[in-house]
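Chain order of the listed sequences is P and Z. Every letter in the first sequence is one number past the one before it in this note's numbering, and letter 244, counting from 1, is 244. Every letter in the second sequence is one number past the one before it in this note's numbering, and letter 219, counting from 1, is 626. To keep things clear, I will list the structure first and then write my remarks on it.
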Amino acid sequence: MRAVTWQGRHKISVETVPDPEIVNPRDAILRITSTAICGSDLHLYDGYIPGMRAGDIVGHEFMGEVIDVGARSTLKKGQRVVVPFTISCGQCFFCEKQQYSACDNSNPSETRDASELLMGHAMGGAFGYAHLTGGYAGGQAEYVRIPYSDVGPVIIPDDLPDDDVLFLSDILPTGWHAAVNADIEPGDTVAIWGCGPVGLFTIQSALLLGAGRVIAIDHFPARLALARQLGAEILDYTQVEVREALDEMTGGLGPDACIDCVGMESHGFTPDNVLDQVKAQFYSVTERPHALRQAILACRKGGRISIPGVYGGFADKFPLGQLMEKGLTVKSGQTPVQKYSGQLLTMIQDGKFDMTSLVSHHASLEDAADMYRHWHGEQNDYTKIILKPGLAKGTVQTRREVEHVDA
Amino acid sequence: MHMSGFTDRVADRLTGRAAPDHLSLAAVGAGLAAAGLGLAVWRRRRRTEQDDKIATDAPHWTLDKPAARAMFGKSVLINKPRDALFAAWQVERFPEFMENVVAVEALGGGTARWTIKAPLGREVHLVNSITESIEDRSISWQSEPESEIANSGEVRFVDAPAGRGTYVTLILAYDPPGGRIGRLGAKLLQREPEVQARRDLHRFKQLMETGEVTSNASPSARASESPVEPHI
């Protein structure tokens, strides 16, 4: 089959590799129909996530048709499913507590040692995201093997098109989880750093969960425009001192909850970020947590910090005293996708979410290397890319063309 | 207290000059650090001597103490009742989850001959006898003289709190062939008993909880790998 592979920093190539096969009784094999490139794939692209090996198949946002099942899979051939990016057994201590992303069985014996060494405890398994999370092949490919297929995959009714449900794999539940973790109370002001795909779903989720007001922070005009379209007030941090603006918009209190949808590769020309950039060039740090530092300083006393943004290791210049003295509550973690799948599918069917405005491009799987380059370098124009194995090489549809087709 | 005033005065005493130079300040600093370190070592030694008789609640295999044999223990929480796990810990089922075990041959009377993968594609043979087996609680063993590696061990099953299942602990002591260096070499080759036992214990957990041994077997663009074999 054809698959998108990571070959090194800023090196992505589409290669011909062996097809996946059923290995365990609970497995299923999917033929991929749609697969998206995630913001967190850029951390792999930039070489900041430890434990990648040249030749790894990437991609953790995908859906497709079941074409083969093991003896104990509950799926049936021909079903359309969306697959959570987290691989979860459903039967360990963590899965029973619905902390699916912490599954204690999905990271196999061969890869969990390194994960345990770096994190203290082995991380749960995930598709296409380095060997610290299990070394599983990802779904930016024609086919993929799904372990524990009786637990994760969400069966999709035939009347829902791929684009409406694909993001159940990661960014919708991640945005929802980010807002849930912010413990929003009715009327709260919620500030959200980053208007990428996760930030845009966090905006929608925060409003659905009762926020009175959402203030979104970014610097790309197209992304800020999407945030405003979804109901947020917007701040372009190149035009304004963000903390001053947030204070002035909240009578000096600061936002009740602050959500970091940026993660380890903050943009912004500030002294702390410039120093982080320099250190990152020499690989003496992996984290550039400017957005998180700012969120902690901006948050009101006794407020909540939610961190869906991905971080990889140790950070410095972390405002720990500010966190403590202000009495902030921090919640974080990879999303326990399976906990939210059913509820969010129903909400999609009820029209609660705008699932498609953020999609800027549909492209052939064969053009993945180009698409990664655009996704990395042109973040204003490329707000979300969906790869289709079925499209011929060179076929790229932009947002405007798709809108035109829909009309 | 004003620190620079203090250091100035110390420096004055030492050098007889009004203003300290950086070298003498550094010397004072180094002297203070050395004295502090000496004091800390002395106090720690005194405390260790005094505390010898104070008991600890740490499991014995976690304590740093010199021993003739390499010893380690590893515990995992398994979300199953104690009796079910004890019943599943059967020699016949070991090859299902012990990746390094080639064969286990029962010799009768609780003695078994084990064939185990060793570094560099070799095999090693162990002859172990069960010395004690307590229903639903523990199994202990000791090697026989003809065993190629002298070893002893125990597997324990203890109820975990709050209905969480069972803590399963594997404790193993053995004489590493080639001593410490040999052990390090075997670790690097991923064929050291501690590495193998830890991974096997996790495979036992996977098998008991999920009904299968977790595998990351999947395609990659690496020609050396098969899509049906697990990889590192």
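The beta-carbon is built from N, C-alpha and C at its ideal position, and this holds for glycine as well.
Residue i at chain B interface by Cβ criterion, 8 Å
i	result
P/Gly312	Protein chains in the displayed structure are P and Z, and chain B is not among them.
Nearest-angstrom Cα separation, counted from residue j out to residue i
i	j	result
Z/Ser411	P/Lys317	Residue placement at Z/Ser411 is poorly supported in this model, since its pLDDT is 49, which falls under 50; the coordinates are not used for a value here.
Z/Thr621	Z/Ala604	16 Å
P/Val154	P/Gly78	13 Å
P/Gly210	Z/Asp471	54 Å
P/Ala206	P/Trp193	13 Å
P/Ala291	Z/Ala510	56 Å
Z/Asn623	P/Gly135	6 Å
P/Cys258	P/Gly231	17 Å
P/Arg399	P/Asp163	12 Å
Z/Phe359	Z/Pro466	As displayed, chain Z neither begins before 408 nor continues past 639, which places residue 359 of chain Z out of reach and without an answer.
P/Ile12	P/Ile57	10 Å
P/Arg145	P/Arg288	34 Å
Z/Met408	P/Leu323	A caution first: Z/Met408 carries a pLDDT of 42, below 50, which makes its placement in the model too unreliable to give a value.
Z/Val498	P/Phe93	27 Å
P/Thr86	Z/Ser625	16 Å
Z/His638	Z/Val435	56 Å
P/Pro255	P/Thr329	13 Å
P/His419	P/Gly327	Since the first and last residues shown for chain P are 1 and 407, residue 419 of chain P lies out of range.
Z/Asp582	Z/Pro502	24 Å
P/Val285	P/Lys279	6 Å
Z/Ile537	Z/Val635	36 Å
P/Phe220	P/Asp236	8 Å
P/Ala407	P/Ser266	In this predicted model, P/Ala407 has a pLDDT of only 36, less than 50, meaning its place in the structure is not dependable enough to derive any value.
P/Ser101	P/Val190	25 Å
Z/Ala418	P/Leu275	In this prediction, Z/Ala418 has a pLDDT of 48, which is less than 50 and means its spatial position is unreliable; nothing more can be read from the coordinates.
P/Ala141	Z/Arg500	37 Å
P/Met63	Z/Ala593	43 Å
Z/Glu551	Z/Glu619	33 Å
Z/Thr645	P/Ala122	This structure leaves residue 645 of chain Z out entirely; chain Z is present only between 408 and 639.
Residue span of the beta strand (DSSP E) that contains residue i, given as start and end
i	result
Z/Pro530	A small fix is needed here, since residue 530 of chain Z is Glu in this sequence, not Pro. Z/Glu530 -> beta strand (DSSP E) spans 530 to 541.
Z/Asn558	558 to 566
Z/Lys481	477 to 485
P/Ile203	Counting along the chain, P/Ile203 falls outside any beta strand (DSSP E), though it belongs to the alpha helix (DSSP H) covering 197 to 208.
P/Glu241	Where P/Glu241 is concerned, there is no enclosing beta strand (DSSP E), given that its DSSP letter is neither H nor E.
Z/Leu514	508 to 515
P/Ala216	213 to 218
P/Arg2	2 to 8
P/Leu226	P/Leu226 -> not in any beta strand (DSSP E); alpha helix (DSSP H) instead, spanning 221 to 229.
P/Ala191	189 to 193
N- and C-terminal bounds of the alpha helix (DSSP H) containing residue i
i	result
P/Asp316	Note, P/Asp316: premise wrong, no alpha helix (DSSP H); not H, not E.
P/Gln277	271 to 281
P/Tyr452	Only positions 1 to 407 of chain P appear in the structure, and residue 452 of chain P is not among them; the question remains open.
P/Ala291	290 to 298
Z/Glu619	Careful: Z/Glu619 lies outside any alpha helix (DSSP H) and carries neither H nor E.
Z/Glu503	501 to 504
P/Val337	337 to 349
P/Gln397	It is not in any alpha helix (DSSP H) - P/Gln397 instead sits in the beta strand (DSSP E) that spans 396 to 398.
Z/Lys594	586 to 595
Z/Ala519	Unbroken run through Z/Ala519 is the beta strand (DSSP E), 518 to 524; no alpha helix (DSSP H).
Proximity test, residue i beta-carbon vs the ligand COA heavy atom, cut-off 7 Å
i	result
Z/Glu636	The ligand COA is absent from the structure shown, which contains no ligands of any kind.
**Item:** the stretch 600 to 615 of chain Z: positions lying closer than 8 Å to chain P by Cβ
**Value:** Val602, Arg605, Arg606, Asp607, His609, Arg610, Lys612, Gln613
**Prompt:** Using 8 Å as the threshold, is the stretch 28 to 41 of chain P in touch with the stretch 100 to 115 of chain P, meaning 3 or more CB pairs across them?
**Reply:** no
**Item:** the stretch 8 to 21 of chain P: positions lying closer than 9 Å to chain Z by Cβ
**Value:** Ser13, Glu15, Thr16, Val17, Pro18, Asp19, Pro20, Glu21
**Asked** Along the stretch 474 to 486 of chain Z, what residues have a CB closer than 8 Å to any CB found in chain P?
**Response** Leu484, Asn486
**Request:** Check whether the stretch 181 to 201 of chain P touches the stretch 224 to 235 of chain P, taking contact to mean three or more Cβ pairs, one atom from each stretch, closer than 8 Å.
**Result:** yes
**Prompt:** Looking at C-beta atoms only, is the number of pairs between the stretch 370 to 387 of chain P and the stretch 180 to 190 of chain P that lie closer than 8 Å three or more?
**Reply:** no
**Item:** chain P contacts from the stretch 500 to 520 of chain Z (Cβ-Cβ distance under 8 Å)
**Value:** Glu506
**Request:** Please name the residues in the stretch 619 to 634 of chain Z whose beta-carbon is closer than 7 Å to at least one beta-carbon of chain P, in chain order.
**Result:** Glu619, Thr621, Ser622, Asn623, Ala624, Ser625, Pro626, Ser627, Ala628, Arg629, Pro634
**Item:** Positions along the stretch 44 to 55 of chain P whose CB lies within less than 9 Å of some CB in chain Z
**Value:** Arg53, Ala54, Gly55
**Item:** Those runs of the alpha helix (DSSP H) which lie wholly inside the stretch 354 to 380 of chain P and span at least 4 residues
**Value:** 368 to 377
**Message:** Any C-beta of chain P within less than 7 Å: which residues of the stretch 560 to 571 of chain Z qualify?
**Reply:** Arg571
**Request:** Please confirm if the stretch 67 to 84 of chain P is in contact with the stretch 20 to 30 of chain P, defined as three or more CB-CB distances below 8 Å between the two stretches.
**Result:** yes
**Message:** Suppose only complete runs of 3+ residues qualify. What are the beta strand (DSSP E) ranges in the stretch 103 to 172 of chain P, listed by chain order?
**Reply:** 143 to 146
**Prompt:** Would you call the stretch 123 to 131 of chain P and the stretch 97 to 111 of chain P touching, i.e. three or more CB-CB distances under 8 Å?
**Reply:** yes
**Interface residues of the stretch 574 to 591 of chain Z facing chain P [CB-CB below 9 Å]** = none
**Prompt:** Can you list, in chain order, the residues of the stretch 99 to 121 of chain P whose Cβ is nearer than 8 Å to any Cβ on chain Z?
**Reply:** Asp104, Asn105, Ser106, Asn107, Pro108, Ser109, Glu110, Thr111, Arg112, Asp113
**beta strand (DSSP E) segments (min. 3 residues) lying fully within the stretch 28 to 113 of chain P** = 28 to 37, 61 to 69, 80 to 83
**Request:** Count the C-beta pairs between the stretch 237 to 244 of chain P and the stretch 291 to 304 of chain P that are closer than 8 Å, then say yes if the count reaches three, no if not.
**Result:** yes
**Message:** Taking contact to mean 3 or more Cβ pairs, one atom from each stretch, closer than 8 Å, check whether the stretch 559 to 571 of chain Z and the stretch 544 to 551 of chain Z are in contact.
**Reply:** yes
**Message:** Along the stretch 136 to 151 of chain P, where does the CB come closer than 8 Å to a CB of chain Z? Name the residues.
**Reply:** Tyr136, Ala137, Ala141, Val144, Arg145, Pro147, Tyr148
**Asked** Hey, is the stretch 572 to 581 of chain Z in contact with the stretch 477 to 492 of chain Z, meaning 3+ C-beta pairs nearer than 8 Å?
**Response** yes
**Message:** What are the residues in the stretch 336 to 348 of chain P lying within 7 Å of chain Z by C-beta distance?
**Reply:** none
**Asked** Going along the chain, which residues of the stretch 285 to 302 of chain P sit with their C-beta nearer than 7 Å to a C-beta in chain Z?
**Response** none
**Item:** Interfacial residues, the stretch 72 to 84 of chain P to chain Z, with Cβ spacing under 9 Å
**Value:** Arg72
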